[in-house]
Structures are given as C-alpha cells and as structure tokens.
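Using the working numbering, the first residue of the sequence shown is number 2, and each one after it goes up by one. For each residue, glycine too, the CB sits at the ideal point set by N, CA and C. The model shown is predicted, which means the values in this text are computed figures rather than measured ones.
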Amino acid sequence: MSKVTVVGAGNVGATVANVLAHKDIANEIVLLDLKGKMAQGKALDMWQQAPIDYYSSRIVGTDKYTATKNSDVVVITAGIPRKPGMSRDDLISTNAKIVVSVTESILKYSKNPIIIVVSNPLDVMTYAAFKASKLSPKRVMGMAGILDTGRYRAFLASELNVSPKDIQAVLMGGHGDTMVPLPRYTTVAGIPVTELIDKDKLKAIVERTKKGGGELVGLMGTSAWYAPGAAAAQMVESILRDENRIFPCATMLTGQYGLKNISLGVPVQLGKEGITNVMELKLNAREMKLLKKSAQHVTDVLKTFNKMKLV
2 MSKVTVVGAG
12 NVGATVANVL
22 AHKDIANEIV
32 LLDLKGKMAQ
42 GKALDMWQQA
52 PIDYYSSRIV
62 GTDKYTATKN
72 SDVVVITAGI
82 PRKPGMSRDD
92 LISTNAKIVV
102 SVTESILKYS
112 KNPIIIVVSN
122 PLDVMTYAAF
132 KASKLSPKRV
142 MGMAGILDTG
152 RYRAFLASEL
162 NVSPKDIQAV
172 LMGGHGDTMV
182 PLPRYTTVAG
192 IPVTELIDKD
202 KLKAIVERTK
212 KGGGELVGLM
222 GTSAWYAPGA
232 AAAQMVESIL
242 RDENRIFPCA
252 TMLTGQYGLK
262 NISLGVPVQL
272 GKEGITNVME
282 LKLNAREMKL
292 LKKSAQHVTD
302 VLKTFNKMKL
312 V
C-alpha cells in the first residue's frame with residue numbers, strides 16, 4: 002500500500018496528481034488545497050478519467066490535513082507562481098511562509114514521509130522544508146534538475162532532429178539563471194553531444210535552458226506546469242518503485258563538492274528511503290567555478306530566508 006499527498010491543487014499540483022494516477026503506482030493520491038472545493042473537483046474529474054485511461058489509483062481532494070495521514074511521499078507545490086517581471090527570488094517572502102507552514106502541518110499526521118519540494122525559489126524552499134521538518138536530509142529534496150535537463154534535452158532534440166528519448170544529460174547548481182548544464186556529460190544515444198553540434202549552437206541552447214522558465218512565463222503570463230508536474234511525478238515513481246534512478250535533484254549538501262549547509266542541485270539516486278546516494282562527479286576547474294558561483298547565488302537568497310526567522 003502506498004499513499005502520496007500533493008499539496009497545492011493549482012496547475013502544477015494537479016498535473017503531478019494526474020501523471021501519478023496514470024502511472025498507477027499509488028493506492029491513494031491526496032490532492033490538498035486551501036480551496037477545498039477546487040481540490041475535490043479536480044480529484045473527482047481525475048477519478049472519472051480512471052475507467053477511460055485505465056488506472057486504479059484513488060484520487061481524493063480535500064482541504065484537511067487529516068486526510069494526509071500516513072503519507073509515504075509528499076509533494077509540495079503550494080505557493081504563488083511567477084508573473085512576468087518577477088524572478089524566482091521575488092517569491093521568497095510569500096512562499097517561504099507557505100512551505101514552512103505546509104511542512105509542519107504534514108508532519109503532524111505523517112511521521113517520516115519523503116518530501117519533494119517544487120515551490121520556488123526551489124533551492125531555498127527545499128532548505129526551508131528540511132529545517133521545518135527536522136527529517137533526515139535523505140528524505141527532503143527539491144525538483145529542479147529533472148525539469149531543467151528536460152528543457153535542455155528538448156531543445157537539443159529539436160536542433161538535432163532526433164528523439165528526446167535518446168538524449169541523456171546532467172545539470173547541476175541552483176534552479177535559475179545560474180544553473181550549470183554540463184555538455185561534457187551530455188550524450189545522444191551514447192554519442193557525446195559535442196560531436197554532433199557546433200560550439201556556438203550548443204552554447205545558445207545552454208543559455209536558453211538557463212532562462213527556460215522565464216521564456217514560458219513570458220509566453221503564458223504564469224509558470225509552466227506540464228513539464229514540472231511530470232518531473233515531480235517521475236521522482237515519486239523512482240521512490241515508490243525503489244528504482245534507484247539517477248536524477249539531478251536539489252539536496253542538502255554535507256561537504257560534497259566542498260559545500261555545506263546548502264540545498265543545491267546535484268546528481269542523486271532515488272529509492273524507497275529517499276536519496277540513497279549523492280554522486281560526486283569529477284568536475285573540471287571551469288565546471289567547479291560555475292557550480293561555486295551558482296552556490297553563492299543560492300547562499301545570497303538564503304540570507305533573506307534566514308532573516309525571516311521562520312524556523
């Protein structure tokens with residue numbers, strides 16, 4: 002028996018629940034939102050979809066945390082989305098309060114869940130959830146790298162006219178303009194991407210990836226939801242199936258890459274106990290410099306959070 006709670010029934014949260022339902026790996030999916038009727042309506046709509054798309058996961062919508070009791074995995078999407086002209090960092094004052102409150106409320110009914118944070122600014126919100134939960138760092142993580150590599154791989158697939166299924170990539174650092182795509186670790190059906198695309202085009206794709214979220218906010222007037230929702234669901238799947246898949250995720254670092262007391266995107270393995278392994282790649286001098294620059298940006302935003310004294 003497995004139970005997943007998704008906090009926030011907006012575009013991202015509803016997508017997480019819907020993708021998870023289609024994977025048919027959870028016995029129960031709880032969709033929780035302060036707007037209880039909206040959560041109930043979306044959950045009912047998905048349950049009515051079950052006979053059509055052939056899945057058995059029960060979806061329940063609610064505004065009551067009691068319904069989340071004994072959740073194995075909790076995905077936190079709650080918070081305000083970005084609007085045009087806003088950076089992820091602009092969201093911190095509002096979303097930090099929400100994430101801390103949600104985490105504390107969840108822990109009243111689930112003793113040792115695995116928590117996946119999707120709210121922005123992602124790295125700092127993951128840190129906030131970790132501090133508020135007092136759980137093992139293995140059990141609190143943020144969804145960012147899967148989404149960012151998804152965008153990177155999609156752009157490469159378009160440029161090379163190949164299937165995105167054949168593209169593998171690693172990306173590190175904070176979720177935002179200082180993220181660190183690693184072309185050296187990018188392959189197409191095992192072929193290094195540097196053999197298939199010229200340097201300038203690859204650089205342009207890397208830059209587009211860094212600003213991928215902002216591009217979508219500019220087009221739609223709000224944050225993306227299909228790809229972020231699917232990315233969070235993929236993390237849940239690896240955990241519930243104990244697959245030990247390797248994904249770039251935001252995690253609390255305890256000395257890896259020379260960094261401590263910071264949540265930052267690095268490659269990890271995800272299994273039934275959460276993060277089973279934090280992988281330390283042998284970065285070259287340039288890559289390490291970019292990672293440290295990204296970490297410094299996250300640290301600067303973290304100072305704003307710490308001044309709020311929420312945990």
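Residue pairing of Arg-59 in beta bridges, as defined by DSSP: Glu-29. Of the residues Lys-273, Gly-214, Phe-131 and Val-74, the one whose Cα lies closest to the Cα of Tyr-153 is Gly-214. Counting only runs of at least 4 residues, the segment 154–182 fully encloses no alpha helix (DSSP H) element at all. Runs of beta strand (DSSP E) with 3 or more residues, each lying fully within the segment 222–275, are found at 246–255 and 261–272, listed in chain order. When secondary structure is reduced to three states using DSSP, Asn-19 falls in the helix class. At least 9 angstroms separates the beta-carbon of Asp-90 from that of Thr-252. Taken in chain order, the complete alpha helix (DSSP H) segments of 4 residues or longer contained in the segment 97–144 are 123–134.
By the Cβ rule, the segment 86–100 does not count as touching the segment 57–72, because fewer than three pairs are nearer than 8 angstroms. Ser-120 has its alpha-carbon roughly 31 angstroms from the corresponding atom of Val-194.
When C-alpha distances from Glu-216 are compared across Leu-136, Asp-178 and Lys-202, the shortest belongs to Asp-178.
For Val-76, the CB contacts under 6 angstroms within the same chain, skipping 5 residues up- and downstream, are Val-7, Val-17, Ile-117 and Ala-233 in chain order. Scanning its chain for C-beta atoms nearer than 6 angstroms, with the 5 sequence neighbours on each side dropped, one finds around Ala-133 the residues Val-101, Thr-104, Glu-105 and Val-312, in chain order. Counting of Cβ neighbours within 10 angstroms places Ala-27 among the buried residues, the total reaching 16 or more. Residue Asp-149 holds the alpha-carbon nearest to the alpha-carbon of Tyr-227 among Glu-208, Leu-45, Val-125 and Asp-149. In this structure, the CA atom of Asn-113 is about 23 angstroms from the CA atom of Asp-25.
Annotation for Ala-145: Leu-123, His-176, Ala-251 and Gly-266 place their beta carbon closer than 6 angstroms to its own, counting only its chain and skipping 5 residues before and after. In the three-state reduction of the DSSP assignment, Lys-308 falls in the helix class.
Residue environment for Gln-235: buried (at least 16 other C-beta atoms within 10 angstroms of its C-beta).
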